[in-house]
Ligand SMILES: Cc1cc2nc3c(=O)[nH]c(=O)nc-3n(C[C@H](O)[C@H](O)[C@H](O)COP(=O)(O)OP(=O)(O)OC[C@H]3O[C@@H](n4cnc5c(N)ncnc54)[C@H](O)[C@@H]3O)c2cc1C
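Numbering (the working numbering), first residue to last: 844 to 1216.
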């Protein structure tokens, strides 16, 4: 159990899926960890994520491979932590309509198959046998099945990872915003809190969409943008949905509440500028209408929640993970697809913080790549 009198080896700032994964991996390796979280663990982007575990549109190939390894890391984590992790298997289904989108899907599936990704074309009939209430247009002959995809109940996973870290001695402090990192030469030598400083030999910054602002005073370039997205939750449908589905104009999956979780890329655009004064449930209405077109039980549900989440979006779209340039004892992890990647990044970064050689898997994703731009 946590013992606040023991000096920590590593301080982790931020307890979303990334920080919680780093904390668990470090604690599992025997490090004494303190986690400093401004609000409630999991209440940042990780609590407002579609949380589809996949590597379907992750380009180029090295980024695809990182995400595929991220999916595999959850299978291992689930065998360590059991059902409390909130890891859901079942694969995902996708179909396209229209010549251009169908061609794009065919090319993508061929590319993914050539890389060994778990993807196959299946007949409309078989897809309907998997999810009987789906309304797949008769003009669609084939549907794509990605059998290794899944989804994560991310807030539950954060709780589970932190509980497992605590059981190994981690000190997890909620409502503890870090005001600043104090730098002396090439080291962070103190972490400023509202009620005094904390010191730790190593620091890992996992603050998601707050990364750029948080690190700006250290005079280092870590360009992470903020990209909002809207998701809506429905009441419980009369027949459940079993897996993630991507149909034209809408994506949906089972929500942990028993309802459906709905999203659409073009509806994200409505909330992106942050200017709209329209209530979110109103903005989300088209999602419900579109869901009803592809999943019959969605015609009889209502929207019970609509949430905006802010994606941490590195300037080139790809993961940033590694030592902060100019500092010998501080690391940063900031990424889109952070749910898919959390378990893997936690493990790889924990190894490096504890002195193992730099991971070749992270070579293309180092923060230093932005320094010369
Ligand atoms: C609409 C939407 C859909 C998405 N869909 C997917 C998907 O299908 N699959 C996928 O893999 N990813 C998806 N993502 C992306 C994914 O959710 C994020 O990449 C991931 O949640 C980021 O996790 P994080 O731990 O880095 O950040 P967060 O979850 O935001 O955690 C950062 C934490 O740091 C804390 N913090 C911030 N500043 C401080 C401070 N100064 N002191 C202490 N604590 C601080 C915050 O309170 C927060 O709890 C989606 C995101 C959105 C918004």
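Glycine included, each C-beta is placed from N, C-alpha and C at the ideal position.
For clarity, every value in this text was computed on a predicted model and none was experimentally measured.
So, helix, strand or coil for residue i, using DSSP?
i	result
residue 834	Because the chain spans 844 through 1216 in this model, residue 834 falls outside it and cannot be assessed.
residue 1140	helix
residue 1129	helix
residue 1014	strand
residue 1147	strand
residue 1176	strand
residue 1194	helix
residue 1114	helix
residue 1170	coil
residue 1025	strand
residue 859	coil
residue 1101	coil
residue 1210	helix
residue 1203	helix
residue 1160	coil
Is any heavy atom of ligand 3 found at a distance shorter than 8 Å from the C-beta of residue i?
i	result
residue 1060	For the structure depicted, ligand 3 is absent and the ligand set comprises only ligand 1.
Quick one: is residue i buried, meaning 16 or more other Cβ sit within 10 Å of its Cβ, or exposed?
i	result
residue 1119	exposed
residue 1161	buried
residue 943	exposed
residue 984	exposed
residue 1081	exposed
residue 880	buried
residue 905	exposed
residue 1062	exposed
residue 916	buried
residue 1027	exposed
residue 901	buried
residue 833	Any answer about residue 833 is impossible in this case: the structure gives the chain only from 844 up to 1216.
residue 820	Coverage of the chain is limited to positions 844 through 1216, which leaves residue 820 absent and any answer about it impossible.
residue 974	buried
residue 1079	exposed
*asked:* Report the start-end ranges of each alpha helix (DSSP H) in the region 922 to 999 that is 4 residues or longer and not cut off at the edges.
replied: Listed in chain order, the complete alpha helix (DSSP H) runs (minimum 4 residues) inside the region 922 to 999 are 942 to 957 and 967 to 973.
*Run through the region 1039 to 1092 for me and flag every whole alpha helix (DSSP H) of 4 or more residues, listed as ranges in chain order.*
Listed in chain order, the complete alpha helix (DSSP H) runs (minimum 4 residues) inside the region 1039 to 1092 are 1054 to 1058.
*Does the region 936 to 943 come close enough to the region 1035 to 1055 to have 3 or more Cβ pairs within less than 8 Å?*
Per the Cβ contact rule, the region 936 to 943 is not in contact with the region 1035 to 1055 (fewer than 3 Cβ pairs under 8 Å).
*Given 8 Å as the limit, is there contact between the region 1159 to 1176 and the region 1052 to 1072, that is, 3 or more CB pairs closer than that?*
Yes, the region 1159 to 1176 is in contact with the region 1052 to 1072.
*Which ranges does the beta strand (DSSP E) cover as unbroken runs of at least 3 residues, wholly within the region 868 to 931, from first to last along the chain?*
Those beta strand (DSSP E) runs which fall completely within the region 868 to 931 and span 3+ residues are 876 to 879.
*Are the region 953 to 966 and the region 1139 to 1153 touching, with three or more C-beta to C-beta distances below 8 Å?*
With a cut-off of 8 Å, the region 1139 to 1153 and the region 953 to 966 do not count as touching, because too few Cβ pairs lie within range.
_Does the structure place the region 880 to 896 close enough to the region 989 to 997 that three or more beta carbon pairs sit under 8 Å?_
Taking a cut-off of 8 Å on C-beta distances, the region 989 to 997 touches the region 880 to 896, as three or more cross pairs fall below it.
*How do the region 1128 to 1145 and the region 1005 to 1020 stand: do at least 3 beta-carbon pairs fall below 8 Å, yes or no?*
Contact between the region 1128 to 1145 and the region 1005 to 1020 is absent, because fewer than three Cβ pairs lie under 8 Å.
_For the structure I just gave you, are there three or more beta carbon pairs, one from the region 1061 to 1075 and one from the region 863 to 874, closer than 8 Å?_
The region 1061 to 1075 makes no contact with the region 863 to 874; the number of CB pairs closer than 8 Å stays below 3.
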